[in-house]
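Novice: Residue numbers (the numbering used here), protein chains in the order written: chain A, 1 to 572; chain B, 1001 to 1352.
Idealized CB from N, CA, C, for every residue including glycine.
One structure, pasted below without further comment.
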Amino acid sequence: MKWNEILQRLLLLLIVILLGFSILLPLGSLFEKAFMNEQGQWIGVSNLLNYMKSPALLQSLGHTMYVSIISTIISVGLAFVYAYGIVRTPMRGKTFFRYTAMLPLFAPSMFFGLALTFMFGNQGFITTGFFGHLPFGIDIHLYGPVGIIISEVVYTFPQAFLILVVALSMSDYRLYEAAEMLGANPMRKFWTVTLPGTKYGLISAFFVCFTLAFTDFGAPKIVGGQYNVLATDMYKYVIGQQNMTMGATVGLVLIVPACLAFLVDRYLDRKQKNAVSAKAAPYRLVPRVWRDRLYTIYCAIISGAILVLLLTVIFGAFAKLWPYNLSLTLDHFDFTKVAGGTGWEPFWNSIRVAALTAVIGTFVTYLTAYAIEKINHWKFVRQISYFLAILPLALPGLVLGLAYIFFFNDRSNPMHGLYGSIWILVLVNIVHFFSVSFITATTALKKLDSEFEKASDSMGVPFYRTLFRVTIPITLPAMMEMGIYFFINSMVTISAVVFLYAPDLKLASVMIVNMDDAGDIAPASAMSILLVATSVLVRILYEWATSAMRKRAAKWQSRTNDAQQDSGAMKL
Amino acid sequence: MQPYLQLAQIHKKFGSFTSLKGIDLHIENHEFVCLLGPSGCGKTTLLRIIAGLETATGGSITLAGKNITRMPAGQRNFAMMFQSYALFPNLTAYENIAYGLYTKKLSKADIKKRVEEVLDLVNLTALAGHYPGQCSGGQQQRIALARALAMAPDVLLLDEPLSALDAKVRDKLRREIRNLHEKCGMTTIMVTHDQEEALTMADKIVVMNNAEIVQIGTPQEVYEQPNSPFVADFIGAINFMKDDSTRELHPQDQQASAIRPEHIHLGAFADDEGGALQYGKIQNIEFRGSFYRVTLQWMDDERLANPRFVMIDISTEQSKGLQLMKEQIIPFSLPKERIITFETEKPILVRA
């Protein structure tokens, strides 16, 4: 065996071991806990049966289903029309609408709860009719299902929007022309061409949003009031009662829709690949004054609502004493007097964790994708690695966090030392956001000719040389995208880390929950604003820094197109 | 009498790019017309304007005396068959064909009858319940044809209907479409860049180049009497020559004449019924199945520095007596009545 091959096999081995230790074994200890009693005896599914018998828990399940289904339907519906306006009409202001729709991605899910509190809470400016300036106020009874649903709609909206933009962009205009020639009216075209064409995107959006809403912890924590849902139940069991077994059982229930979404997503992914024809003609945007105006108004209302939420939290963070003294102050940004007086440290901790996650996560994810995609040994090992790499898609953050407690808090585990350190936070974040980055890397690598490896092999060049000289430079834009994805998600996430942070290593998102618990919603808002501002700033810096690089990549890509055309012409 | 379909001064601009300039075309009822030209000549745009999928920048379209220039595509009762089928992937063959009938407000029974009729017409009854994805390319194209025929259109429009199929299937469908046209008799306009397709299928060929019509005529006319070097070059193979003598000539030169390779007599028995006997040295012999294409270098002492070549087609049968070999010097003659001459007053458009 050549040493080149030995190295490749070692890399594969290392990856499958890493994935096994960070994903498979923790999950195993979670299942173990769920099927054991407090004394560590094996009791099978009786925990689940107990769970099913408890009316309080069943009620939580019912609540969770209810809010998730309603918010999913609203979110996907709103996002479909919004995406349709952006992709299928020539209206103005598309760039603005597109960016605004994605703003919620930069905020933790608690953010919308805070915004709603300022608007519709007991002292909210809409509940009180602008603090009594209006003769009436509107009370929507925020705390409970209403608040959770609105928060989840805003939280899931950008996800649905992004999926549907892609689905709507993949249309084939020839079908519209065929329908036109056959005398179909716009309604008929919509039902027979548009809807079937976006079917997979719609299903995918439904499942993604449902899973997000079903497993979200932040929003129900802030505006759920007495309305119990599974995620908050789990939190109470684990943090409040230290009842790990019941926590694990609830975790199992949380996994179910996520697993279902995972399976559907994999299935659709395969289907959709077959459905898109290379010959498809691009959609032609035909101006129609009234329709375009309606879509502009619609998109303006939606993006306006998102901006109002954002501005409300900003205002709330600067207002001296809501609602009695609305003069502006920076006091709430001094976190020394609230919730343990930690000052700005949690914020810096969050940045450290996010930066470490971005750098290490990108590196590991990219190597994993590379090994699975480009190394041609041990097919079986690569298949297992692939499965493990996309498995985190099916794992809600809370479940992952709990699994990590069980696995790493075990004194017999040689990696026990990670527990309580910053590294376990980094690790859990990498795993939590692994799959999406992994798919990004795989997609980018798939676009490269697999002959590169064979060519370098035949020339006797070691694979890592090709990797560093050719593969990485070409896929650099995808790597940057992965890094930014890791960074922003690690900044705003709460679910996985809420179980794992050490008392002297608090994170900003955890502080938001704690401060809100203590009734300090103005400092909580201030911290949220810091998170959003950082994420947005990083994203802008990223766009600015990479624009030159992307332009160069575009040039390089267009040149290959020209070359293809040339060779085509020569054949003729 | 007024023609059935009349295009008058059709102009089309896309931004600053002129796709069509002043197209005048008359099409009779029941006629099979081919729009033929190289890619980018505007033929597809013209078809799409006739279909109503594109709006002309200027000019008018009249159908049976009625101005339909501004009429939406769906109301013209034209049917179109697209280059790449454009079948609805989520509907079965049956549902695809019934799609347009639905808007005609026919009863369920009538729709069923009509669909079965056309399915039978294209021999696809067995595939009624299949989805397009389950059918071969040729079958998909016949479903698309059936979908167009089901509408009983006043005009059938075909946009390069056969270009995506392989040679055998293409040949078969070519005949099928032609037969269906004879059986059903609807006016048909087909766009193609394949001269053979145009020659074999059309009643009338409209040759287009650079956004204009270059020549209109029967297949025989455009082949035997091309009105410009462009048409002569685009349809079939051709040798260009100077008008007065036998000199080769570039098509953009002032005086132009040409001759088709199959019209040149080759061999010692090349008599003098046409022109004087010439001599050439064989450069290349290409076997084409039923004939050989021989390339000769013209033996011409005056211009040895600048050698000129001539293509001659000779049937395989005939070549047997000649025993052609490379480097061989062989006589040939150019029959006068076969020499094509071009009018040279108007500038002639030639491919770059």
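Output, in sequence order along the chain, the residues in the stretch 175 to 194 of chain A whose CB is closer than 8 Å to any CB in chain B.
Specialist: Of all residues in the stretch 175 to 194 of chain A, L175, E177, A178, A179, E180, M181, L182, G183, A184, N185, R188, T192, V193 have a Cβ within less than 8 Å of some Cβ in chain B.
Novice: Given this structure, state the Cα-to-Cα distance separating I1111 (chain B) from L1101 (chain B), to the nearest angstrom.
Specialist: Each residue's alpha carbon lies about 6 Å from the other.
Novice: Nearest by alpha-carbon distance to S490 (chain A): which of A:M91, A:L61, A:S109 is it?
Specialist: Comparing Cα positions, the closest option is A:S109.
Novice: Do A213 (chain A) and S327 (chain A) come within 8 Å of each other at the CB atom, strictly closer than that value?
Specialist: Their beta carbons are not under 8 Å apart, which means S327 (chain A) does not touch A213 (chain A) by this criterion.
Novice: For the 8 Å Cβ check, are there 3 or more pairs between the stretch 1085 to 1096 of chain B and the stretch 1129 to 1142 of chain B?
Specialist: With a cut-off of 8 Å, the stretch 1129 to 1142 of chain B and the stretch 1085 to 1096 of chain B count as touching, because enough Cβ pairs lie within range.
Novice: With distance defined between alpha-carbon atoms, name the residue in B:C1034, B:T1218, B:M1299 nearest to I1329 (chain B).
Specialist: Nearest of B:C1034, B:T1218, B:M1299 to I1329 (chain B), Cα basis: B:M1299.
Novice: Verify the CB distance criterion: does P196 (chain A) have a CB-CB separation below 8 Å to chain B?
Specialist: Yes, P196 (chain A) counts as interfacial toward chain B.
Novice: Residues in the stretch 1048 to 1071 of chain B with C-beta within 7 Å of chain A's C-beta atoms, listed in sequence order?
Specialist: Here the close residues are A1051, L1053.
Novice: With which residues is G1217 (chain B) paired in a DSSP beta bridge?
Specialist: According to DSSP, G1217 (chain B) bridges with B:I1205.
Novice: Of all Cβ atoms in chain A, is any one closer than 8 Å to the Cβ of A1073 (chain B)?
Specialist: It does; some Cβ of chain A falls within 8 Å.
Novice: Let me know the secondary structure DSSP gives Y84 (chain A) once reduced to three states.
Specialist: Three-state result, Y84 (chain A): helix.
Novice: Between A:R552, A:I521, A:Y485, which has its C-alpha nearest L105 (chain A)'s C-alpha?
Specialist: Taking only the C-alpha atoms, the option nearest L105 (chain A) is A:Y485.
Novice: Just list the residues that DSSP pairs N325 (chain A) with in beta bridges.
Specialist: N325 (chain A) pairs with A:L321.
Novice: So the alpha helix (DSSP H) N1179 (chain B) belongs to, where does it begin and stop?
Specialist: Residues 1167 to 1184.
Novice: Buried or exposed for Y1279 (chain B), please, with buried defined as at least 16 other CB atoms from any protein chain shown within 10 angstroms of its CB.
Specialist: Label assigned to Y1279 (chain B): exposed.
Novice: 8 Å is my cut-off, CB to CB: does N1284 (chain B) come that close to chain A?
Specialist: False, the Cβ-Cβ gap to chain A never drops below 8 Å.
Novice: My output table needs one value for P1261 (chain B): the three-state DSSP class, helix, strand or coil.
Specialist: Residue state, collapsed to three classes: helix.
Novice: From this set, B:K1281, B:H1181, B:M1311, which residue's C-alpha is nearest M1241 (chain B)'s C-alpha?
Specialist: It is B:M1311 whose Cα lies nearest to the Cα of M1241 (chain B).
Novice: Using only the alpha-carbon positions, how far apart do K1281 (chain B) and F1017 (chain B) sit?
Specialist: Whole-angstrom Cα-Cα distance: 47 Å.
Novice: Please give the ranges of any alpha helix (DSSP H) in the stretch 1021 to 1098 of chain B, keeping only runs that are unbroken, at least 4 residues long and fully inside the region.
Specialist: For the stretch 1021 to 1098 of chain B, whole alpha helix (DSSP H) runs of length 4 or above, ordered along the chain, are 1043 to 1051.
Novice: With a threshold of 8 Å between beta-carbons, can M1186 (chain B) be considered close to chain D, or not?
Specialist: Looking at the structure shown, chain D is missing, and the protein chains on hand are A and B.
Novice: May I have the straight-line CA-CA distance separating R315 (chain A) from I521 (chain A), to the nearest angstrom?
Specialist: It is Phe, not Arg, that sits at residue 315 (chain A) in the sequence shown. C-alpha separation (whole angstroms): 12 Å.
Novice: Going along the chain, which residues of the stretch 1094 to 1109 of chain B sit with their C-beta nearer than 7 Å to a C-beta in chain A?
Specialist: So the close ones are Y1099, G1100, T1103.
Novice: Is the beta carbon of M482 (chain A) sitting closer than 8 Å to the one on S547 (chain A)?
Specialist: No, the pair does not count as a contact, with Cβ atoms beyond the cut-off.
Novice: Do you know how far the Cα of A1211 (chain B) is from the Cα of L1119 (chain B)?
Specialist: Roughly 38 Å between the two C-alpha positions.
Novice: Output needed for Y237 (chain A): all residues of its chain with C-beta closer than 7 Å, excluding positions within five of it in sequence on either side, in chain order.
Specialist: For Y237 (chain A), where only same-chain residues beyond five positions count, the Cβ hits under 7 Å are N243, M246, G247, V250.
Novice: Based on the DSSP output, what are the partners of K1281 (chain B) in its beta bridges?
Specialist: Bridge partners of K1281 (chain B): B:Q1297, B:I1329.
Novice: Run through chain A and tell me which residues come within less than 7 Å of M1080 (chain B), C-beta to C-beta.
Specialist: By Cβ distance, chain A contributes M181.
Novice: Measure the CB-CB distance between P90 (chain A) and L311 (chain A) and report whether it falls below 8 Å.
Specialist: No, the pair does not count as a contact, with Cβ atoms beyond the cut-off.
Novice: Start and end of the beta strand (DSSP E) containing D1159 (chain B)?
Specialist: Run containing D1159 (chain B): 1155 to 1159, per the beta strand (DSSP E) assignment.
Novice: Spell out whether any CB of chain A is found under 8 Å from the CB atom of S1163 (chain B).
Specialist: For S1163 (chain B), the answer is no, since every Cβ of chain A falls outside 8 Å of its Cβ.
Novice: How do the stretch 456 to 473 of chain A and the stretch 420 to 438 of chain A stand: do at least 3 beta-carbon pairs fall below 8 Å, yes or no?
Specialist: Result no; under three Cβ-Cβ pairs closer than 8 Å.
Novice: Look up F125 (chain A) in the DSSP assignment and say whether it is helix, strand or coil.
Specialist: Here F125 (chain A) sits in coil by DSSP.
Novice: Give the residues from the stretch 1107 to 1126 of chain B that approach chain A closer than 7 Å (Cβ to any Cβ), ordered along the chain.
Specialist: So the list is empty, because no residue satisfies the distance condition.
Novice: With contact counted as at least three CB pairs below 8 Å, one residue from each stretch, are the stretch 363 to 374 of chain A and the stretch 525 to 534 of chain A in contact?
Specialist: Too few Cβ pairs lie closer than 8 Å, so no.
Novice: Helix or strand or just coil, what does DSSP make of N1239 (chain B)?
Specialist: If DSSP states are grouped into helix, strand and coil, N1239 (chain B) belongs with the strands.
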